[in-house]
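Participant:
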Amino acid sequence: MTRLSVYLATSIDGYIADEHGRLDWLDESVGEGEDYGYDAFVATVDALAMGRGTYDHIAAIDPLPFGDRVVYVFTHRPPPAREGVTFWRESPTGAVRQWRRLGLRRVYVDGGRLISSFLAEGLIDDMLITTAPVVLGKGRPLFHPIDRRGKFRLAHVQEFPSGMINRHYVRVRNPKE
Numbered sequence: 141m142t143r144l145s146v147y148l149a150t151s152i153d154g155y156i157a158d159e160h161g162r163l164d165w166l167d168e169s170v171g172e173g174e175d176y177g178y179d180a181f182v183a184t185v186d187a188l189a190m191g192r193g194t195y196d197h198i199a200a201i202d203p204l205p206f207g208d209r210v211v212y213v214f215t216h217r218p219p220p221a222r223e224g225v226t227f228w229r230e231s232p233t234g235a236v237r238q239w240r241r242l243g244l245r246r247v248y249v250d251g252g253r254l255i256s257s258f259l260a261e262g263l264i265d266d267m268l269i270t271t272a273p274v275v276l277g278k279g280r281p282l283f284h285p286i287d288r289r290g291k292f293r294l295a296h297v298q299e300f301p302s303g304m305i306n307r308h309y310v311r312v313r314n315p316k317e
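Quick note: our numbering has the sequence shown finishing at residue 317, numbered continuously throughout.
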């Protein structure tokens with residue numbers, strides 16, 4: 141079974157980037173010496189999945205900060221090939237099928253539109269959402285409209301002196317699944 145996990149930071153009003161796609165508001169919210177668990181989380185994943193917009197934010201980083209983990213970028217407009225990065229047009233369900241065949245145990249799903257597409261198919265197993273103590277007013281939303289309801293239970297909350305809050309949610313499975 142391949143577990144799909146989200147780890148993402150958002151503003152209080154639910155934005156993952158400002159209206160210009162910038163993340164400086166998040167950097168300004170981080171408290172000195174605070175560990176929000178990102179490195180520990182990434183150490184538990186076998187691969188990463190992200191949309192093209194999210195990839196474009198990190199494309200200039202060389203090497204990518206994910207070690208030997210393969211990055212799967214969902215896109216209809218692939219950039220030049222890059223070692224360790226797979227650009228594809230796979231559906232969420234098709235991706236999960238392939239990841240299961242590859243024996244991947246946990247995949248980190250990143251990016252608002254991609255997360256929403258996996259939620260729309262009922263595929264996200266858990267989400268760790270870090271909320272920064274800032275209101276952006278407008279920007280790029282964490283969640284996009286989908287035609288499916290999903291139920292999650294709050295498994296853990298961690299507060300930090302900076303005002304950042306981690307909330308870990310786990311999907312409540314339908315007994316028929």
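All residues carry an ideal CB built from backbone N, CA and C; glycine is no exception.
#1: Which class does threonine 150 belong to by DSSP, given the choice of helix, strand or coil?
#2: Out of Arg280, Asp175, Pro285, Arg143, which has the shortest C-alpha to C-alpha gap to arginine 162?
#3: So what's proline 281 in DSSP terms, helix, strand or just coil?
#4: Within the continuous beta strand (DSSP E) that includes tyrosine 212, where are the two ends?
#5: Would you check if the distance between the CB atom of valine 275 and the CB atom of serine 169 is smaller than 8 Å?
#6: Which residue wins for smallest C-alpha separation from alanine 149, given the options Arg192, Trp239, Met141, Pro273?
#7: Looking at C-alpha atoms only, which residue of Ala200, Thr184, Asp167 is the closest neighbour of arginine 246?
#8: Assess, as a yes-or-no matter, whether the stretch 246-255 is touched by the stretch 280-297 under the definition of 3 or more beta carbon pairs within less than 8 Å.
#9: Assuming tyrosine 248 and tyrosine 147 make a contact with CB atoms under 8 Å, what is their CB distance in whole Å?
#10: Expressed to the nearest angstrom, what Euclidean distance is found between the alpha-carbon atoms of proline 285 and isoleucine 264?
#11: Between histidine 296 and aspartate 266, how many whole angstroms is the CB-CB distance? I'm expecting something under 8 Å.
Facilitator: Considering the structure as presented:
#1: Sequence index remark: in the sequence shown, residue 150 carries index 10 (1-based). Strand at threonine 150.
#2: To locate residue 162, count along the sequence shown from 1; it is residue 22. Considering only alpha carbons, the answer is Arg280.
#3: Locating residue 281 in the sequence shown gives position 141, where the first residue counts as 1. Strand.
#4: Taking the first residue of the sequence shown as position 1, residue 212 is located at position 72. Run containing tyrosine 212: 210-214, per the beta strand (DSSP E) assignment.
#5: Taking the first residue of the sequence shown as 1, we reach residue 275 at position 135. Taking the first residue of the sequence shown as 1, we reach residue 169 at position 29. No.
#6: Along the sequence shown, one-based indexing puts residue 149 at 9. Taking only the C-alpha atoms, the option nearest alanine 149 is Pro273.
#7: Here the question's residue 246 lines up with position 106 in the sequence shown. The option with the nearest alpha carbon to arginine 246 is Thr184.
#8: yes
#9: Against the sequence shown, residue 248 aligns to sequence position 108. Against the sequence shown, residue 147 aligns to sequence position 7. The Cβ separation is near 6 Å, so the contact holds.
#10: Here residue 285 refers to the residue found at position 145 when the sequence shown is read from its first residue. Here residue 264 refers to the residue found at position 124 when the sequence shown is read from its first residue. Roughly 15 Å separates the two Cα atoms.
#11: Counted from its first residue, the sequence shown places residue 296 at position 156. Counted from its first residue, the sequence shown places residue 266 at position 126. That belief does not hold up - the Cβ atoms of histidine 296 and aspartate 266 are roughly 10 Å apart, past 8 Å.
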